[in-house]
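Trainee:
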Amino acid sequence: MDILNKVLPDSETKPDISHGDGDRERFAHYVQKDKITESAVTGNPVIALCGKVWVPNRDPKKFPVCPECKKVYEEMTK
Ligand SMILES: [Zn+2]
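So in my numbering, the last one in the sequence shown is 94, and the numbering has no gaps at all.
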């Protein structure tokens, strides 16, 4: 019993958190469809509504929508 109590707290002190710019990669950003098509051909990065520049990747549907992009998009469609 004593041994278990000593082992468990140690493993709990390492939360699985990503740092820095990586966090933004976990969102699906809004980009003009034309630009995505272009990027797929040229491999050039695109600029999202929130200002993020990146190369769109395969499966944005598995990420939550970027809150900044969503805000800009809603402003645009008012
Ligand atoms: Zn965004």
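Here a beta-carbon is modelled for each residue, glycine too, at the ideal position from N, C-alpha and C. Just so we're clear, the structure is a prediction, and the values are computed from it rather than from any experiment.
Where do the N-terminal and C-terminal ends of the alpha helix (DSSP H) with residue 64 fall, by residue?
Mentor: Looking at the DSSP string, residue 64 is not in any alpha helix (DSSP H), and its letter there is neither H nor E.
Trainee: With burial defined as no fewer than 16 other Cβ atoms inside 10 Å of the residue's Cβ, what is the status of residue 64: buried or exposed?
Mentor: Residue 64 is buried by the Cβ-count criterion.
Trainee: Under 7 Å, do residue 70 and residue 61 count as touching if we go by C-beta distance?
Mentor: Yes, Cβ-Cβ distance for residue 70 and residue 61 is below 7 Å.
Trainee: Please state whether DSSP places residue 69 in a helix, a strand or coil.
Mentor: Residue state, collapsed to three classes: strand.
Trainee: Within the present structure, is the beta-carbon of residue 90 separated from the nearest heavy atom of ligand 1 by less than 6 Å?
Mentor: Answer for residue 90: no, Cβ out of range of ligand 1.
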